[in-house]
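Residue numbers (my numbering): 3 to 424. Data first, discussion second: the structure below is written as C-alpha cells.
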C-alpha cells in the first residue's frame with residue numbers, strides 16, 4: 003500500500019544555530035492532486051471559482067503538484083473507480099459539491115480520495131453565510147488537506163491581509179483581504195488613512211495613521227465593531243511600525259519637533275520613551291531578539307541604511323553593508339528582510355530588491371531579482387514574506403515562500419498599494 007508522504011531532507015540553515023541563509027532542498031516527494039466538482043452542484047460559477055483558488059492554494063503551499071483531469075461525477079455520494087485511467091497519474095482526488103441550506107448558507111461537501119490506498123481519507127462539510135468570503139472557504143479546505151498529510155503548516159493562508167490603497171489625491175482606503183486579493187472589504191474610508199498595522203495576533207483590531215485633522219493621529223480600530231479611538235497624535239508624522247510579542251507595547255515613529263525618531267509606547271500605562279535621538283532621520287522600528295532590541299532605518303551615514311540598538315542602551319550597530327539605499331525592513335526573531343535600491347536613475351524607475359540577513363551572522367540572501375519590491379512583511383511563522391511590487395503603474399501583492407525559493411504575485415485591480423500587513 004502506497005503511503006503518501008512529504009519528505010523534506012533539507013539543509014535548513016535559515017533557522018539553524020549558525021544562521022546561514024541558504025536553503026537546499028536535497029530531495030522531496032510531493033503528491034499530485036486533481037480537483038473536480040459534481041454535476042449536481044447548485045452554483046457552478048462559485049464551484050469553478052473555488053476550484054481555481056484551491057489550485058492556487060496547493061501551488062503556493064509548495065506541498066502539492068496540481069494536475070487537471072476531465073472528471074465530473076453526478077453527485078457527491080457516488081463512489082469513484084480507482085482503476086479509471088484518468089487517475090493513473092495522480093495520488094489524490096478532491097471532489098466537492100455546493101448546496102444551500104434552509105438559512106441560505108453555503109454548504110460545501112468534500113471528499114478526498116487516496117488513489118494509491120484506494121480509499122476515501124477525508125469526508126467533510128464546510129459552511130459559510132457570506133458568499134463573498136468564499137476564498138477563505140477554499141483556504142480552509144487546502145489547510146485541512148495539508149494538515150492531513152502532516153506537511154508544514156499553511157495556516158497563514160486563513161489570515162487577513164490589511165492594506166492601504168490610494169484612490170485619489172489625498173484619498174485612501176484601508177482594506178482587509180485574503181492573501182490572493184480575491185476577497186476585499188473596505189474598513190476605513192474618507193480622507194487620507196495609511197500605514198495599517200495589526201494590533202494583535204487574533205486580528206481583531208488594528209492601528210493606522212489618520213491625516214484627517216490638524217495633526218496626524220494614530221488610531222486603533224476594532225475590525226468587527228468599527229469602534230475606534232485615538233492613541234497618540236504628533237506634529238509632522240506618526241506611524242506604528244511594530245507590536246511587541248505580548249501586544250502591550252508598540253514602536254512608533256513620531257516627529258513632534260520636525261525630526262523623526264522612534265518611540266516605545268506602552269498601551270496600558272500610556273507612557274512613551276524615546277529610543278533614538280539622532281539629529282537626522284530614524285524611522286521604521288521593528289523588534290528583534292525577544293523584544294530586547296530594535297532594528298530601524300536611519301540616514302546617519304548620509305544614506306538610508308539598516309541599524310540596530312538594544313532597548314535602553316545608547317550604542318547603535320550598523321547591520322547592512324550592501325546597497326546604495328536600504329529604506330525598509332521587517333523582522334522575525336533574529337532575521338531581517340530589507341528593501342535595497344539597486345539602481346540610481348534620476349528620471350526613471352529604480353530597481354529595489356529584497357534581501358534576507360540575520361543578526362547572528364554576516365550571510366545574505368537575495369529574495370527578488372528585478373522590479374520595484376518594497377514593504378516586506380514576515381508571516382507569523384517566519385516561513386513566508388509578503389511584499390508590494392510595482393510594475394508598469396500596477397500594484398501587486400507578492401508572497402515569497404522562503405523554504406521553496408518560489409514567489410507569487412497577485413494583482414490589485416483598483417487603486418495603488420501604499421502599505422500592507424498580515
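Glycine is no exception: its CB is placed at the ideal position from the N, C-alpha and C atoms. Keep in mind it's a predicted model, so treat the numbers as computed, not measured.
Beta-carbon spacing of residue i, residue j below 8 Å
i: residue 328; j: residue 341; result: yes
i: residue 377; j: residue 422; result: yes
i: residue 162; j: residue 179; result: yes
i: residue 45; j: residue 117; result: no
i: residue 269; j: residue 250; result: yes
i: residue 424; j: residue 388; result: yes
i: residue 72; j: residue 40; result: no
i: residue 427; j: residue 135; result: Given a span of 3 to 424 for the chain in the structure shown, any question on residue 427 remains unanswerable.
i: residue 286; j: residue 298; result: yes
i: residue 386; j: residue 404; result: yes
i: residue 225; j: residue 190; result: no
i: residue 290; j: residue 333; result: yes
i: residue 67; j: residue 34; result: yes
i: residue 277; j: residue 267; result: no
Neighbour-count burial assignment, residue i, 16 or more Cβ in a 10 Å radius
i: residue 110; result: buried
i: residue 65; result: buried
i: residue 172; result: exposed
i: residue 254; result: buried
i: residue 5; result: Residue placement at residue 5 is poorly supported in this model, since its pLDDT is 39, which falls under 50; the coordinates still yield a value, given next. By the neighbour-count rule (16 or more Cβ atoms within 10 Å), residue 5 is not buried but exposed.
i: residue 203; result: exposed
Nonlocal neighbours in the same chain, by C-beta distance under 6 Å from residue i, ignoring five residues either side
i: residue 293; result: 246, 247
i: residue 283; result: 262, 301
i: residue 344; result: 353, 355
i: residue 122; result: 113, 115
Cβ-based neighbour list, residue i, same chain, cut-off 8 Å, excluding 5 preceding and 5 following
i: residue 139; result: 52, 108, 110, 128, 130
i: residue 324; result: 342, 357, 366
Distance between residue j and residue i (C-alpha atoms, nearest Å)
i: residue 57; j: residue 176; result: 28 Å
i: residue 300; j: residue 379; result: 19 Å
i: residue 260; j: residue 281; result: 10 Å
i: residue 104; j: residue 62; result: 35 Å
i: residue 137; j: residue 305; result: 42 Å
i: residue 360; j: residue 337; result: 4 Å
i: residue 395; j: residue 326; result: 24 Å
i: residue 408; j: residue 132; result: 32 Å
i: residue 239; j: residue 256; result: 5 Å
i: residue 145; j: residue 279; result: 46 Å
i: residue 25; j: residue 367; result: Low local confidence applies: a pLDDT of 32 at residue 25 is under 50, so the model's placement there is unreliable, and no value is given.
i: residue 143; j: residue 315; result: 48 Å
i: residue 20; j: residue 364; result: Low per-residue confidence applies at residue 20: pLDDT is 34, beneath 50, and the placement is therefore not dependable enough to give any value.
Cutoff 8 Å: residue i Cβ touching any chain D Cβ
i: residue 391; result: The displayed structure is made up of one protein chain only, and chain D is not part of it.
Cβ shell of residue i (< 7 Å), same chain only, five flanking positions each side left out
i: residue 371; result: 355
i: residue 169; result: 175, 417
i: residue 406; result: 64
i: residue 125; result: 113
Residue i beta carbon near the ligand SAM (any heavy atom closer than 7 Å)
i: residue 346; result: Because no ligand of any kind appears in the structure shown, any question about the ligand SAM cannot be addressed here.
Three or more C-beta pairs below 8 Å linking the segment 411–419 and the segment 152–163
These segments do not touch.
Quick check: the segment 214–221 against the segment 230–238, are there 3 or more CB pairs under 8 Å?
In this structure the segment 214–221 lies against the segment 230–238, because at least three pairs of beta carbons, one per stretch, are closer than 8 Å.
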